[in-house]
Amino acid sequence: MPCEKLVDLGRRQFLRGGALSAAGAAAATVMPQQAKARPASARVDYPANRLANISELTENEPLYVAYPDDEAQGVLLKLGMRVAEGVGPDGDIVGFSMICPHKGYPLSYSAGDRTFNCPGHYSRFDAEKGGMQTWGQATENLPQYVLRVDDSGDIYAEGVDELIYGRLSNVL
46 MPCEKLVDLG
56 RRQFLRGGAL
66 SAAGAAAATV
76 MPQQAKARPA
86 SARVDYPANR
96 LANISELTEN
106 EPLYVAYPDD
116 EAQGVLLKLG
126 MRVAEGVGPD
136 GDIVGFSMIC
146 PHKGYPLSYS
156 AGDRTFNCPG
166 HYSRFDAEKG
176 GMQTWGQATE
186 NLPQYVLRVD
196 DSGDIYAEGV
206 DELIYGRLSN
216 VL
């Protein structure tokens, strides 16, 4: 006795349905995504820490620092051009973690194209665009410091906008 609830699905209907499903999946992965904005709620405040003075910075040369603690390698840069989240009189000073958010490899800075580069899986991060990941395996942007410059030119870090690799939270 045959089952009366079976649906007779012909080969053409089956292939058409499969093609539509595959096209939908492809469109979902290919459609451009908006650039990852850094919402204010993602910011994690740490105690303010003096990192350097503006006079210690040279344009496009990294000044290595540690923030929010001695285990967190970082860098300050004076880019020589106004950038989003830049501080100082010219709005061109930024700071970043130097630890790749993908697997924790130490990054190197390339002054030629102003990128941070990971030797592990070749991720690249754009210093002029807030540490945005531009290539490689990383799925997160490079953590950027929340900076403040006082009247004497001292540069203070007061937080980080992304999770630093290797930490379960951004709480000290």
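If you're matching positions, the sequence shown starts at 46 in the working numbering and goes up one per residue. For every residue, glycine included, the Cβ atom is placed at its ideal position computed from N, Cα and C.
Problem set entry | Three-state secondary structure assigned by DSSP to arginine 127 | coil
Exercise. For glycine 125, is the classification buried or exposed, using 16 other Cβ atoms within 10 angstroms of its Cβ as the cut-off for buried?
Worked result: exposed
Problem set entry | According to DSSP, residues forming a beta bridge with tyrosine 112 | None, per the DSSP bridge assignment.
Exercise. Can you give, in chain order, each stretch of the beta strand (DSSP E) that sits fully within the region 138-168 and has at least 3 residues?
Worked result: 138-142, 153-155, 160-162
For this session: Mind reading off the beta-carbon distance from arginine 95 to valine 191? Whole number of angstroms is fine, and I expect it under 8 Å.
Result: Contact flag wrong, Cβ pair sits at about 14 Å.
Exercise. Roughly how many whole angstroms lie between the Cα atoms of aspartate 90 and aspartate 199?
Worked result: 19 Å
Exercise. Under a three-way DSSP split, which group does glycine 204 fall into?
Worked result: Here glycine 204 carries a strand assignment [DSSP, helix/strand/coil].
For this session: Measuring only between beta-carbons, confirm whether glutamate 101 sits less than 8 Å from chain D.
Result: Among the chains of the structure shown, chain D does not appear; only one protein chain is present.
For this session: Would you give the residue range spanned by the beta strand (DSSP E) that tyrosine 91 belongs to?
Result: First-last of the beta strand (DSSP E) with tyrosine 91: 89-98.
Exercise. Looking only at C-alpha atoms, which of Glu173, Met177, Leu152, Lys123 sits nearest to lysine 167?
Worked result: Reading off the sequence shown, one finds tyrosine at residue 167, where the question assumed lysine. Nearest option by C-alpha distance: Leu152.
For this session: Could you tell me which residues DSSP puts in a beta bridge with glycine 133?
Result: In the DSSP output, where bridge partners are listed per residue, glycine 133 has none listed.
Exercise. Anyone know if the C-beta pair for phenylalanine 170 and threonine 160 falls short of 8 Å?
Worked result: yes
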